[in-house]
Every structure is written in C-alpha cells, then in structure tokens.
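These notes concern the structure reproduced below.
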Amino acid sequence: MGFRKVPRDTIRGITKPAIRRLARRGGVKRISGSIYDDIRAALKARLELILKDCVTFTEYRNAKTITIHDVLFALKRIGRPIYGFDPETYNEPRKGHGIPAAAASP
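Here's what the structure looks like:
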C-alpha cells in the first residue's frame, strides 16, 4: 500500500502572515484571530469570479493560456478596473547601477 495524498482546500495556502501583511498594507493595526477564515472565503469567492470570466475569454479566443488582457477585461467587467496599467506601453524598470531610467537614456 502506497501513501495516498489527501486532497485539501488550496486556499489554506494563503497563510496567516500573508493575510497580516496585506492588512498592514491596508492600514489595519490589529487583527482578530477569527477573521482569517473569513478573509480566505472572501478571497476565494473573488478569485473564482475573476477566473471564471478569464476562462470564458480564453475559451472564446480558442487559446489555452490566460493573458493579462483576460484579467484586465474580467476586472473591468466586475466593475473593478485597474488604471495606469497598459501592457502595450509598459516599460520594465531598468536593472543596473542605480541610475534613474530618464538619466540613463541620452
């Protein structure tokens, strides 16, 4: 008899410290111990909503890979668009010697 892996809910992979870091970034000082499961449930529901639309857009394109455009359209569709993010004009930050990008180019 071999070892059989027991399936578990993958949302448990969102750890307490990760939730705490997100809350701190949002300005929360103290977090009740009972809130973590509620946050995981809300996060899972939101991700399912977004990913359902992403899969719909991807299948419509007859593709197998979800693109950033699929995510942007899904967020726009649920009324939570991301502003200031345009994949066509996005320039990756330069890695280098601490020289600002504007000063590095002539």
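The sequence shown runs 1 to 106 under full-length UniProt numbering.
Backbone N, C-alpha and C define an ideal beta-carbon position, used for all residues, glycine too.
As the structure is a prediction and not an experimental result, all values here were calculated from the model.
{"Query": "Quick one: using the 10 Å Cβ neighbour count with 16 as the cut-off for buried, is residue 114 buried or exposed?", "Result": "Any property of residue 114 remains undetermined from this structure, which presents the chain solely from 1 to 106."}
{"Query": "Just the Cα atoms here: how many angstroms apart are G84 and F3?", "Result": "49 Å"}
{"Query": "Let's test the definition: count the other Cβ atoms within 10 Å of the Cβ of A45 and tell me whether it reaches 16, buried, or not, exposed.", "Result": "exposed"}
{"Query": "Could you spell out where the alpha helix (DSSP H) holding I11 opens and where it closes?", "Result": "Segment: none, I11 is in no alpha helix (DSSP H) and carries neither H nor E."}
{"Query": "What's the C-alpha gap between K76 and L47?", "Result": "14 Å"}
{"Query": "Can you name the start and end residues of the alpha helix (DSSP H) that T56 belongs to?", "Result": "35-60"}
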